[in-house]
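Colleague:
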Amino acid sequence: MTRSIVVGLDGTEQAEAAAEWAVREAELRGTGVLLVHASEPSPEALLPFVSRQPVEAWAEDLLARTAAGLRERHADLPVATRLLPPDPVTGLVTAAEEAELLVLGSRALGEVAGYLVGSVGTTVAGRVERPVVLVRARAGADPDGPVVAGVDLREPADPILEFAFSEASLRRTGLHVLYSQQLPLLGNLGPAVVPDVRVAVAPEIRHSLDETLSSWRAKYPDVPATGDVVLGSAGRELVRAAEDAPLLVVGRRVRRSTVGASLGNVAHAVLHHSRAPVALVPHH
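Numbering (my numbering), first residue to last: 101 to 384.
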């Protein structure tokens, strides 16, 4: 059975952008889209006095209007809707279990956005065991540009590379893979910038990166793939490399704890600063 792409809606422009991105992704994959909404629960003290009917009516209308617009613009695409119970984190995590991937809106630092785009979205992204794509409401990406992926050679890279190569192949474009080597700190003077450190470190790591990419290049001969080692902050370098990319792919470790969820420093950095859609690919 083909899995759908699940999109979380909350009425914001970021969520609308996520729905549009998901539709284009579904067309590339030959699958459908499931639009979902989970409202925030009412405060327990107010439950005896507050009716949820207006909230549910608004949510049903949001789902129906969004689905109708997508069907009008993409007549051949299967679009379904589902109203989830009033527990956004649990509802989205459960919906994502049977999905190809989960797509949510994303915001830059300082932007005002809905609850699915903010803390709920990042909590969900840290818990699900499916890839999560977070989409910023913006224009200007080059749809034909290469996909950008960041790997840490000290962590499992295959899940990230499999997703990144597959996405590049679907888009009939190239892939640029980056590994960032943080320079050592010299006391209180900051990162070392001694030239021979760069010369000594980078070639060895480049060789390791090339070896890591070799099997994936063989599996996806249609994808022109380049690998590069950069020195400095991984988050900053990935944001810079993906300035006009159609997609930025990074990994995150799966954390099974139900108390909080950490995406990791690099994932947090790119989510807050990347203009490109960011795919978070889980690995163990």
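The C-beta atom is built at its ideal place from N, Cα and C for all residues, glycine as well.
Run the proximity test for Ala-257: is its beta-carbon closer than 8 Å to any non-hydrogen atom belonging to the ligand MG?
Modeller: Here there are no bound small molecules, and the ligand MG is not part of this structure.
Colleague: In chain order, what residues of the same chain lie with their CB nearer than 8 Å to the CB of Ile-305, ignoring the 5 residues before and after it?
Modeller: Along the sequence shown, one-based indexing puts residue 305 at 205. Excluding positions up to five away in sequence, the list reads Leu-253, Tyr-279, Gln-281 and Val-329.
Colleague: Could you pull the DSSP bridge partners for Arg-254 from this structure?
Modeller: As a working note, residue 254 is residue 154 in the sequence shown. According to DSSP, Arg-254 bridges with nothing at all.
Colleague: For Val-370, which residues of its own chain have a beta-carbon under 7 Å away from its beta-carbon, when the five flanking residues on both sides are left out?
Modeller: Taking the sequence shown and counting its residues from 1, one reaches residue 370 at position 270. Residues Gly-335, Leu-338, Val-339, Leu-348, Val-350 and Val-378 of the same chain have their beta carbon placed closer than 7 Å to that of Val-370, with the five preceding and five following residues left out of the count.
Colleague: Could you compute how far the alpha carbon of Ala-126 sits from the alpha carbon of Pro-256?
Modeller: Counted from its first residue, the sequence shown places residue 126 at position 26. Counted from its first residue, the sequence shown places residue 256 at position 156. About 27 Å.
Colleague: Report back the beta-carbon spacing between Pro-246 and Ala-268 to the nearest angstrom; my notes put them in contact at under 8 Å.
Modeller: Along the sequence shown, read from residue 1 onward, the residue named residue 246 stands at position 146. Along the sequence shown, read from residue 1 onward, the residue named residue 268 stands at position 168. Cβ-Cβ separation between Pro-246 and Ala-268: approximately 7 Å, consistent with a contact (criterion under 8 Å).
Colleague: If I'm right that Ala-195 touches Val-277 with Cβ under 8 Å, what's the distance once you round it to whole angstroms?
Modeller: The sequence position of residue 195 within the sequence shown is 95, counting from 1. The sequence position of residue 277 within the sequence shown is 177, counting from 1. About 31 Å; that fails the 8 Å criterion.
Colleague: Over what stretch of residues does the alpha helix (DSSP H) that includes Thr-190 continue unbroken?
Modeller: Indexing the sequence shown from 1 puts residue 190 at position 90. Taken as a continuous stretch (DSSP letters only), the alpha helix (DSSP H) holding Thr-190 covers 188 to 196.
Colleague: To the nearest angstrom, how far is the alpha carbon of Asp-322 from that of Ser-374?
Modeller: To locate residue 322, count along the sequence shown from 1; it is residue 222. To locate residue 374, count along the sequence shown from 1; it is residue 274. Going by the C-alpha atoms only, they are around 27 Å apart.
Colleague: For the alpha helix (DSSP H) holding Pro-243, just list the boundary residues, first then last.
Modeller: For the purposes of this step, residue 243 is identified with residue 143 of the sequence shown, where counting begins at 1. Element bounds for Pro-243: n/a, residue is neither H nor E.
Colleague: Cα separation between Val-228 and Leu-261?
Modeller: Residue numbering aside, residue 228 sits at position 128 when the sequence shown is read from its first letter. Residue numbering aside, residue 261 sits at position 161 when the sequence shown is read from its first letter. Linking Val-228 to Leu-261 through their CA atoms gives a straight-line distance of about 19 Å.
Colleague: So Pro-231 packs on Leu-201, CB below 8 Å; how close in whole Å?
Modeller: Your numbering for residue 231 matches position 131 in the sequence shown. Your numbering for residue 201 matches position 101 in the sequence shown. Going by Cβ atoms, the distance from Pro-231 to Leu-201 rounds to 4 Å, so yes, they are a contact pair.
Colleague: Determine which residues share a DSSP beta bridge with Ala-379 and list them.
Modeller: Working through the sequence shown from its first residue, we reach residue 379 at position 279. BP columns for Ala-379 point to Val-233 and Val-349.
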